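Visitor:
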Amino acid sequence: MKDNILLRVFALCAVILVVIAAVAVYALQALSRSMAATDWVNHSHATISELDNITAQLRQADGLMRTYALTGEAADLAASREAFEKMAQHFDTASALTRTDAATRQTLLQLRAQAAERETLAQAVWAARGANQGAKVQALLAADAGSAAVGAIERGLGKLRDAQFVQLSERDHLSYVQAQTTRWVVGLGIALNFLLLAGIGWLLRDDIAARRRAATILTEANAQLESKVAARTADLQQSNTRLESENLERKWTIASQEHQIRYNQLIVNSVNDLVFVLTKALNVTRINAAVVNLTGRLDEAILTGPLAAVVEVAREPATGLDPLARALREGRELRHHPAIVLGQDARRIPARLTLIPLRDQDRVVGAVAVVQVAFSSPTDNPPTP
Amino acid sequence: MSKLILHIDDEAAIRDIVASLLTQHGYRMCSVATPGEALDAARAEMPALVISDLQLDEADGLETIAQLRQLDAKIPVILLTGVLIDPKVARETVGRLVSAYVEKTRPLSEIVREVTKLIGPAK
C-alpha cells in the first residue's frame, strides 16, 4: 500500500511538472507573438508616418515649384528641389517598410510614378524659369492638371493609410484575443496544478491515516503482548514461589525426619538393655549399642543372623518347642523369659528376655526382643535356661 | 524496617530452612547455633520473637529462653523441637514457659501461622 501511494504521488508530481512546462512554453510563445505584434504595430505606424510625410512633401514641393516659377529666386529653387528629394526619400522609406506587403508596395510604386511625373514637370518649370522663358513656364503650368494630380496621389496615399489602420485594428483585436487565451491557459494550468496538489495532499493524508491506524494497532498489540507477558510472568513467579515453598517443605520434612530418626536411635542406643529387632523367622535386622558392648561381637557378625547365635533360650520342657517362635506365631508377648547371652569370648551371661511382636495393620511382621542382663545386683540370681 | 526474629538451633540445616521460610515472608532473621550467640544477638538488637530448639549443645532451650526473658520479660517465644511430647503434656508443662510449641514434624506453614499469630505480619 505504501509503495502504491508513493508511485501515485510521484506520478502526480510528474503531471504537475508537465503542466507547468506546457504553460511556460505556451506563455513564452505568447510573449514572442506579443513582441512580434508590437514590432508590427511600430512598423505600421512608421509606414503611416512615411505616407503622411510623402503627402506633406508633395504639397510643399508642388507649392515651392510654383513659388519659384513666380519669383525665380534661387532660394525657392533650392527649397523646391529639396522638397522633391525629401519626398523621394520618404517614398524609398515607405517602399522599404512595405517590402513584405506586395499589394501595398505595388500601389506605392504606382503613386511614386505619378509623383515622379510631378518632379519631371517641376524640372521643366525650373529649367524654363532659369532661362527666363516666362511663356514656356506659363505653358507648362497651364498644361498641368495641378491640384487634381496632387489630389489623386493624396487619395492613393490616403487609401494606403486607411488600409494600415484597418490592419492595426485587426491586430489589436487579435492581440486582445491572444492575451485572453494566455490568461485562460495560465489560469487553467494553475488551477489544474492546485487540483493535483490537492490530490497529492489527499493521498498523503490517506497514507498518514493508514500509518496512524497501523501504529495504533501495533501499540494495542504491544499492550496486549505486554499484558500477556506480565500475566505469564506473574504465573511463573507464582509457580516459582510455590515450587520454592514445596522444595523448602520437602527439605524440612527430610531434615525433621533425619533428626527424629537420629534422636530415636540415640534413645535406643542409650538403653542399657540389649535390643534386637527380629524378623518373623527370628533373624536379627537391627540392634542397639548395648548388644555390641556386651557380646563383643561386631554388627556384621550379628545382623541378618539368627537370634539364637547371640541369645540362647531354653525350649519348652513339655513340647520341646522354641518359646519365642511359638509366641511370635501366636502373636503374643513373652515376658521375662530366662535366656543366656553368648559373648564372643565364650562367656555365657544369664539374662531375661521380653519379646514383643511388631504389628503392621494387625499383621505380625516381626518382633522386638529386649534382653535384660541380670548381674547388676549381688542378690540377683540369674535364671538358668 | 521488618520485624527481627531470633532463631536458635544447633542444626545448620534446620536454621537454613527456617531462615529461608521466614525471609520469604518478609521477616529479618538472626539464626544462631548456641545460647551464648543468642544472648549476644539479643543484646545487640532485641528481636520481636524468639524461636528456639529444646535441646542445644551448651544448654537446653528452656534455660536459654529464661535468660532471654531477663532482657525482655514479654518477648514471645516459640519452642520448635524434635523431642516429641504429648500435646496435652506439652500444653501443661512447656506451654506455660513459652508462647507456642511446634514439633519439627509439623509442616512449615504451621510455623508461619504461629509466628503471624504472635507478632503479626513482617511490617
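Going down the list, the protein sequences come from chains A and B.
Per this note's numbering, residue 2 is the first one in the first sequence, and the count goes up by one each step.
Per this note's numbering, residue 18 is the first one in the second sequence, and the count goes up by one each step.
Ideal Cβ placement from N, Cα and C applies to all residues, glycine included.
Predicted model, so just to flag it, every value in this text is computed and none were measured.
1) I need the straight-line Cα distance from residue 112 (chain B) to residue 351 (chain A), nearest angstrom please.
2) What residues from chain A crowd round residue 124 (chain B), counting only those whose CB sits closer than 9 angstroms?
3) Along chain B, in chain order, which residues have C-beta atoms closer than 8 angstroms to that of residue 261 (chain A)?
4) Check the Cβ-Cβ distances between residue 388 (chain A) and every residue of chain B, and say whether any is below 9 angstroms.
5) Name, in chain order, the residues that DSSP records as bridge partners for residue 353 (chain A).
6) In terms of residue numbering, what span does the beta strand (DSSP E) encompassing residue 271 (chain A) cover?
7) Give the DSSP-derived three-state secondary structure of residue 46 (chain A) in the structure shown.
8) Contact check, residue 82 (chain A) vs residue 151 (chain A) under 8 angstroms by CB: the rounded distance?
9) Quick check: is any heavy atom of the ligand MN less than 8 angstroms from the C-beta of residue 104 (chain B)?
10) Chain B beta carbons: is any one of them nearer than 9 angstroms to that of residue 242 (chain A)?
11) Can the beta-carbon of residue 70 (chain B) be found less than 9 angstroms from the beta-carbon of residue 136 (chain B)?
12) Check the Cβ of residue 30 (chain B) against every Cβ in chain A and list those closer than 7 angstroms, keeping chain order.
13) With a cut-off of 9 angstroms, does the C-beta of residue 19 (chain B) fall near any C-beta of chain A?
14) Which ranges does the beta strand (DSSP E) cover as unbroken runs of at least 3 residues, wholly within the region 65 to 92 of chain B, from first to last along the chain?
15) What residue does the beta strand (DSSP E) around residue 311 (chain A) start on, and which one ends it?
16) For residue 60 (chain B), count neighbouring Cβ atoms within 10 angstroms of its own Cβ and tell me buried if that reaches 16, exposed if not.
17) In the DSSP assignment, find the alpha helix (DSSP H) that holds residue 31 (chain B) and state where it starts and stops.
18) For residue 133 (chain B), name the three-state secondary structure that DSSP assigns.
19) Kindly identify the DSSP beta-bridge partner or partners of residue 69 (chain A).
20) By a C-beta neighbour count over all protein chains shown, 10 Å radius and 16 as the cutoff for buried, is residue 91 (chain A) buried or exposed?
21) How would you list, in chain order, the residues of chain A whose beta-carbon sits under 8 angstroms from the beta-carbon of residue 17 (chain B)?
22) In its own chain, which residues sit with a C-beta less than 8 angstroms from the C-beta of residue 130 (chain B), not counting the 5 before and 5 after it?
23) Less than 9 angstroms between CB atoms is the rule here; does residue 37 (chain B) satisfy it with respect to chain A?
24) Based on DSSP bridge pairs, tell me the residues matched to residue 279 (chain A).
25) Run through the DSSP bridge pairs and tell me what residue 21 (chain B) is partnered with.
26) Checking contacts by CB at 9 angstroms: is residue 34 (chain B) closer than that to chain A?
27) Please say whether residue 68 (chain B) and residue 128 (chain B) have beta carbons closer to each other than 9 angstroms?
28) Contact check, residue 48 (chain A) vs residue 95 (chain A) under 8 angstroms by CB: the rounded distance?
29) Please classify residue 144 (chain A): does DSSP put it in a helix, a strand, or coil?
30) Just how far apart, CA to CA, sit residue 201 (chain A) and residue 20 (chain A)?
31) Take residue 303 (chain A) and list the residues in its own chain whose beta-carbon comes closer than 7 angstroms to its own, dropping the five residues that flank it on each side.
32) So that I know if they touch, is there some Cβ in chain A lying closer than 9 angstroms to that of residue 41 (chain B)?
33) Of all the alpha helix (DSSP H) runs that stay within the bounds of the region 77 to 135 of chain A, which reach a length of 4 or more residues?
34) If distances are taken between C-alpha atoms only, which option among A:359, A:210 and A:262 comes closest to residue 370 (chain A)?
35) Go ahead and pull the three-state DSSP assignment for residue 115 (chain B).
Guide: So, to answer that:
1) 45 angstroms
2) 250, 253 and 254
3) 99, 101, 121 and 122
4) Any question about residue 388 (chain A) goes unanswered here, given that chain A covers just 2 to 386.
5) A:339 and A:373
6) Note, residue 271 (chain A): premise wrong, no beta strand (DSSP E); alpha helix (DSSP H) at 148 to 271.
7) helix
8) About 18 angstroms; that fails the 8 angstroms criterion.
9) What this structure holds is no ligand at all, so the ligand MN is not there to describe.
10) yes
11) no
12) 256
13) no
14) 66 to 69
15) Looking at the DSSP string, residue 311 (chain A) is not in any beta strand (DSSP E), and its letter there is neither H nor E.
16) exposed
17) 29 to 41
18) helix
19) DSSP, once it has assigned bridges, lists no residue as partnering residue 69 (chain A).
20) buried
21) Outside the shown range of chain B (18 to 140) lies residue 17 (chain B), about which nothing can therefore be said.
22) none
23) yes
24) A:285 and A:368
25) B:45
26) yes
27) yes
28) 6 angstroms
29) helix
30) 15 angstroms
31) 285, 288, 292 and 311
32) yes
33) 103 to 131
34) A:359
35) coil
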